[in-house]
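A quick write-up on the structure given underneath.
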Amino acid sequence: MTDGRANSVIPSPREITTEPRFSDKVFRGVVTAGGLSSLVILGLIAVFLGYQGFEILAREGLSFLTTSEWTVEVDSYGTITNSTFGLAAMLIGTVLCALIAVLVAVPISVASAIFLTFYSPSGLKKFLVSVIDLMAAFPSILFGFWGLFVLMPSAEYWAKLINKYLGFIPIFEVEPRIFTRSPFIAGVVLAIMIIPIVTSISREVFSQTPLDRIQAAYALGATRWNVIRTVAIPYARGGIVGGSMLGLGRAMGETVAVYTVLNIVYQINWQVLFGAGGNVASLILLKFGEAQPYEIKALMAAGLVLFMLTLLVNFIADQIIVRTGSKGR
Amino acid sequence: MSSTVEIAKPSKPWKPSIKERIIDITLLAGAVLTSYAVVGATELKGKLAYFFVFFAALAIFNLIKGTATRDLMIGKDQFFSAVMLLGMTLVLIPTASILFTVIDRGRKGLHSGLLTNDMSLATPSDPIVNGGLAHAIVGTFLLVSVALVFSLPIGILTALYLTEIRGRFTRPIRFLVQAMSGVPSIVAGLFILSAIVYTVTKSYSGVMGSLALTILMIPTIARTAEEVLNLIPNDLREAGVALGGTQWRTVAMVVVPAARSGLITALILGVARIVGETAPILLLTGGGDALNFNPGSGAMGSLPFYIWKSFLLGTEESITRGWAGLLVLLVLVLTLFILARVLGSRRMK
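Chains A and B supply the protein sequences, listed in that same order. The opening position of the first sequence corresponds to residue 1 in my numbering, with each subsequent residue numbered one higher. The opening position of the second sequence corresponds to residue 330 in my numbering, with each subsequent residue numbered one higher.
This is the structure in structure tokens:
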């Protein structure tokens, strides 16, 4: 053997390397740069809004978040003589509307997600899932004007009923008795807007419930409701909470639908059925038209606050989904 | 040698018997009657009240029936199946109502010149046949096209990073894309306003609107594209590399072509996400009433702006115009949605 090999040409071994070639280096660089663009964009948003709003934030300090007076006084020459910017009323309005939306949307969404996963025949399920996906694609302006022209009369009637029978609870008081364009109605419209998001996330988690656990429960003689209550809901709890948080974030940032439905008044309003309120996004849209450069800086600062708020909510939602989603329980 | 073998008659014990059917139908009828009685006797009014009382009655009847025929556990099971059905119905009612309202009110605003005229010569109280939304459709088309030029490459690159490179930024980038999809549309508008309009161009134009839409569109494209690329079997990638291809060649010649129709779906879903986006458009585009084919300068109309303006003007004619605009927008969204569905289902085969 050794003799034979000595006569043949021995190919030298190819150099083996894990070093990527030049084209791959370029490719990886470009793709990584593209991937990091989301970081860059989010960073730029914070930087520019902060830069524009810095003057206001520095002057108002923490009272930008805690006081609720938004006034600009202008003398006859158009120069600003006095101004106060406090966002508290709108911040409370934002949270209030979004909370109402989540309270209304989550039970409905979870029930329909359970229906889709455990009750619906598969043909009907396909159709219903398409309808929910379609609902998620509806633009917000559609919800806004539908809410104003179609939902408002019925919602006003429900508000009156709630007020009549639950009016002794402080938040359901209405004085003076104006029931149209209230945070409650805006909350219901927002609820309808976030239902598709919460439903599709809940449905996804429910459909991942381990089949062996479901079958084990059935084998032990459980009814369908027993299976849902003891197996599916505990398994999906984290996903549902995360999905609801995502819905909350979406509801907080909604502009057009709230602007259309809600009667925007700059005051702290805890009476959810009373027709006055607002949220940060709709305030920005409302004031933007007539604002002078100085007030626009305040609006930028308000935008920054809203941006940070939604980022925070999204971050919490993400953490909840990651923590509970992959582990199961 | 023939013997009679008794063959058991096939039966379907899980099928409801005639007696059970009769009980079920009686319960349904009872629930309907209860809903009429309750709506008639109490303060609950309106179509929704019928729905609520009907389902509540059905749920309670189910509970009683289940408990009476079997036991409480079965009764509860029956009760909650009615509750889940109620939840599903409550999701469908607004959707149906929105579709019905827009079609019903929007068709009154339709006329032959709707798609060919613009509003430059029409006043708010003009009869419906004057003016149209040609400028809005052209504007929306341009806004979306320019936004696609920016968002499609960025979105797909992000998806490629998440599926092909899987570097150490994978987890943070996935979160950032998620966070970006939660950025309120008005914040995207304010950002473009503060970063570009006030500092560089100092004027409203279509491109500024497109840039804001880009921010809103990237997450949708990136996430859908990521899902699609994840569906491409790893065998294809391994085969590409085993044949001596570099990663770049494998991705460009094998992975992306294999995912092509899925990537088009991602594009369509991205367009559907932004085509009706209103808030940044209101801040950035200026919203003209005349046809404008140049996104780089001048006020640019668009469908959401047209709808917004029409409703705010408040005359009877302009509100009808607004509904017509919503109808056109809805048809656009529906078309995009069905297109994405068709492409998506073809991919699965």
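Virtual Cβ for every residue (Gly too), placed ideally from N, Cα, C.
List the endpoints of the continuous beta strand (DSSP E) containing residue i.
i, result
"Trp70 of chain A", "Trp70 to Val74"
"Phe85 of chain A", "Ile80 to Phe85"
Report buried or exposed for residue i, applying the criterion of at least 16 other Cβ atoms within 10 angstroms of its Cβ.
i, result
"Thr324 of chain A", "buried"
"Phe115 of chain A", "buried"
"Gln52 of chain A", "buried"
"Gln507 of chain B", "buried"
"Ala358 of chain B", "exposed"
"Ile169 of chain A", "exposed"
"Ser410 of chain B", "buried"
"Ser474 of chain B", "exposed"
"Leu362 of chain B", "exposed"
"Val227 of chain A", "buried"
"Gly123 of chain A", "exposed"
"Tyr165 of chain A", "exposed"
"Trp158 of chain A", "buried"
"Asn314 of chain A", "buried"
Determine whether the Cβ of residue i lies closer than 8 Å to any Cβ atom of chain B.
i, result
"Asp318 of chain A", "yes"
"Asn314 of chain A", "yes"
"Trp70 of chain A", "no"
"Ser182 of chain A", "no"
"Tyr77 of chain A", "no"
"Tyr218 of chain A", "no"
"Pro139 of chain A", "yes"
"Arg237 of chain A", "no"
"Lys327 of chain A", "Annotation note: pLDDT 46 at Lys327 of chain A (below 50); position unreliable, coordinate value reported separately. With 8 Å as the cut-off, Lys327 of chain A does not count as an interface residue toward chain B."
"Ala111 of chain A", "yes"
"Phe85 of chain A", "no"
"Arg59 of chain A", "no"
"Tyr157 of chain A", "yes"
"Phe168 of chain A", "no"
"Gln52 of chain A", "yes"
"Met135 of chain A", "yes"
Just checking: is the beta-carbon of residue i within a distance shorter than 8 Å of some beta-carbon in chain A?
i, result
"Asp353 of chain B", "no"
"Leu377 of chain B", "yes"
"Glu493 of chain B", "yes"
"Pro339 of chain B", "no"
"Phe666 of chain B", "yes"
"Arg670 of chain B", "yes"
"Leu343 of chain B", "Checking the sequence shown, residue 343 of chain B turns out to be Trp, not Leu. By this cut-off, Trp343 of chain B is not an interface position."
"Ile550 of chain B", "no"
"Val431 of chain B", "yes"
"Phe383 of chain B", "no"
"Tyr490 of chain B", "yes"
"Phe409 of chain B", "yes"
"Met677 of chain B", "Because the pLDDT of Met677 of chain B is 48, which lies under 50, any placement of that residue in the model is unreliable, and the question is left without a value."
"Pro482 of chain B", "yes"
"Ala568 of chain B", "no"
List the whole-angstrom C-beta distance separating residue i from residue j, where the pair is believed to meet the contact cut-off of C-beta under 8 Å.
i, j, result
"Leu246 of chain A", "Gly511 of chain B", "7 Å"
"Gly605 of chain B", "Ser534 of chain B", "With a Cβ gap of about 20 Å, Gly605 of chain B and Ser534 of chain B do not count as contacting."
"Val104 of chain A", "Val31 of chain A", "At roughly 42 Å, the Cβ-Cβ gap does not stay under 8 Å, so Val104 of chain A and Val31 of chain A are not in contact."
"Ser579 of chain B", "Arg566 of chain B", "Inspection of the sequence shows that residue 579 of chain B is occupied by Thr rather than by Ser. Yes, they are in contact, since the Cβ atoms of Thr579 of chain B and Arg566 of chain B sit about 6 Å apart, within 8 Å."
"Lys394 of chain B", "Ile352 of chain B", "7 Å"
"Gly615 of chain B", "Ala628 of chain B", "3 Å"
"Thr549 of chain B", "Arg602 of chain B", "5 Å"
"Ile610 of chain B", "Ser631 of chain B", "6 Å"
"Ile100 of chain A", "Phe184 of chain A", "6 Å"
"Gly461 of chain B", "Gly442 of chain B", "5 Å"
If you follow the alpha helix (DSSP H) that residue i is in, where does it begin and where does it stop?
i, result
"Met135 of chain A", "Ser122 to Ala137"
"Leu439 of chain B", "From DSSP, Leu439 of chain B is part of no alpha helix (DSSP H); its letter is neither H nor E."
"Asn563 of chain B", "Asn563 to Ala571"
"Ile56 of chain A", "Phe22 to Glu60"
"Met509 of chain B", "Thr499 to Ser510"
"Asp212 of chain A", "Leu211 to Ala219"
"Val189 of chain A", "Pro183 to Ser207"
"Gly238 of chain A", "Ile233 to Gly253"
"Val227 of chain A", "Arg224 to Val227"
"Tyr527 of chain B", "Counting along the chain, Tyr527 of chain B falls outside any alpha helix (DSSP H), and DSSP gives it neither H nor E."
"Met537 of chain B", "Gly535 to Leu560"
"Met90 of chain A", "Ala88 to Ile114"
Just the chain D side, please: which residues come within less than 9 Å of residue i by C-beta, in chain order?
i, result
"Ile597 of chain B", "The displayed structure is made up of protein chains A and B, and chain D is not among them."
Completely contained alpha helix (DSSP H) runs for the region 615 to 676 of chain B, where each covers 4 or more residues: 632 to 642
Alpha helix (DSSP H) runs contained entirely in the region 339 to 404 of chain B, provided each spans 4 or more residues: 347 to 370 and 376 to 398
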